[in-house]
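Enquirer: The following block contains the structure, expressed as structure tokens.
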Amino acid sequence: MVVIKKVIFGTGRFAEAVLQQIGSSAIYAFLDNDEQKHGELFHNVKVYTPQQFTDQSDLEKYPIFIASSYYEDISKQLVSMGLIEGVHFFDGAALLSSEQLRGVLGISPDIEDEFIELYVKVKNYSMTSIERLYSLYQAVKYVVANDIRGDFVECGVWRGGSAMIIAETLRVLGVQDRHIYLYDTFEGMSQPSDIDIDFSGKTAEEEWSQSQTDSVNLWCYASLEDVQQNLQSTGYPIGNIHFVKGKVEETLLRTMPEQISLLRLDTDWYESTYHELENLYPLLSVNGVLIIDDYGFWQGARKAVNDYFLQHQVKILLNKIDFSGRLGIKN
């Protein structure tokens, strides 16, 4: 039987775990972006940079398994070299057991295997941390267990990773009749205002202007078709998932659910976040869940939340998930 030789992108603990699954005899080469490792042997196999490897071999001949926590960056690099995700390169995490993933990704021992399986499916379609994805997973379970009525709403979707967690968790729980509303431009980031500054003092306008093209903004760009395909892969009834394209300031009033059980806001800027709270928070059920993804990263998002709560005398404890995310229960 002919064994197809494989390439592992990475030379750390993650790569060692993937190597255990594949077997050293099936490895053709290791890749690493650290040029100082070029020419070294890793488990008796030579290490190359991607460019050095392509100079002497046909990269398309060998399936590449990315064994790194920087999957998104590496996948972009490989795509720029003409390779296709799912055809020429794959996520090495999909080969690992929950126990192996705990070790290489530093996942806390109290996190359920069920979540880890879902996390591996969605992590490459989300920019949020594992802590925020886990809190979303738990929030969906909480909503279902306590029969909190209403639909699930996310503003700011990117490639759909967080929405996939919602859909996958509902599916695992045997729930198929809840509706999920997804609001996004599906053309990248909308233009920020002067108040949209991160906590290091960098303006959002700087990166936004550098990312702008004639048709889309490449910052957080994902097409509607890409997101629809990702959500369809969850197996959740696609007819219950509503994709609303455009700036929320222009689309919300035309397409709002009657009641919301979980509201996740991730559009980053002051104007969009305030508009979302003004129109959607009143629809959130008592005991429903509010998640603000960038409260601790973008000053505009934080100010929008604080301004809305102050002006409408909302009394809610926003619990810190990680450096950026916050979660609260409406009372």
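Those letters in the sequence shown? Residues 387 to 717, by my numbering. Beta carbons are placed, not taken as given, at the ideal position from N, Cα and C, and that holds for glycine.
#1: For Arg399, I'd like the list of residues in its chain whose CB is within less than 8 angstroms of its CB, leaving aside the five on either flank, ordered along the chain.
#2: Using alpha carbons as the reference points, say which of Tyr505, Gly468, Glu402 lies closest to Phe451.
#3: With burial defined as no fewer than 16 other Cβ atoms inside 10 Å of the residue's Cβ, what is the status of Asp496: buried or exposed?
#4: Going by C-alpha to C-alpha distance, which of Ile566, Ser443, Cys541, Phe428 sits closest to Pro623?
#5: Rounded to whole angstroms, what's the CA-CA distance from His424 to Lys432? Just pull it up for me.
#6: Can you tell me which residues form a DSSP beta bridge with His628?
#7: From this set, Ala480, Val473, Ala687, which residue's C-alpha is nearest Ile408's C-alpha?
#8: Does the beta-carbon distance from Cys606 to Met467 come in below 9 angstroms?
#9: Measure the C-alpha to C-alpha separation of Ser548 and Leu519 and round it to an integer number of angstroms.
#10: Using the C-alpha atoms, what's the distance from Thr435 back to His628?
#11: For Cys606, which beta-bridge partners are listed by DSSP?
#12: Using only alpha-carbon positions, find the residue among Gly560, Asn510, Glu485 that is nearest to Asp499.
#13: Would you tell me roughly how many angstroms separate the C-alpha atoms of Tyr667 and Thr571, rounded to the nearest one?
#14: Strictly by DSSP, which residues pair up with Arg712?
#15: Looking only at DSSP bridge pairs, what is Lys432 linked to?
Expert: With the structure as the only source:
#1: Same-chain partners within the cutoff: Gly489, Val490.
#2: Closest by alpha carbon: Glu402.
#3: Exposed, since its Cβ has fewer than 16 Cβ neighbours within 10 Å.
#4: It is Ile566.
#5: In a straight line, the C-alpha of His424 is about 8 angstroms away from that of Lys432.
#6: Residue pairing of His628 in beta bridges, as defined by DSSP: Tyr567.
#7: It is Ala480.
#8: Taking 9 angstroms as the cut-off, the beta carbon of Cys606 is found no closer than this to the beta carbon of Met467.
#9: C-alpha separation (whole angstroms): 7 angstroms.
#10: Going from the Cα of His628 to the Cα of Thr435 covers about 43 angstroms.
#11: Paired residue(s): none; Cys606 is not in a bridge.
#12: From the listed residues Gly560, Asn510, Glu485, the smallest Cα separation to Asp499 is found for Glu485.
#13: Rounded to the nearest angstrom, the gap between the Cα atoms of Tyr667 and Thr571 is 21 angstroms.
#14: Its beta-bridge partners are Ile678, Lys706.
#15: For Lys432, the pairing in a beta bridge is given by DSSP as Leu427.
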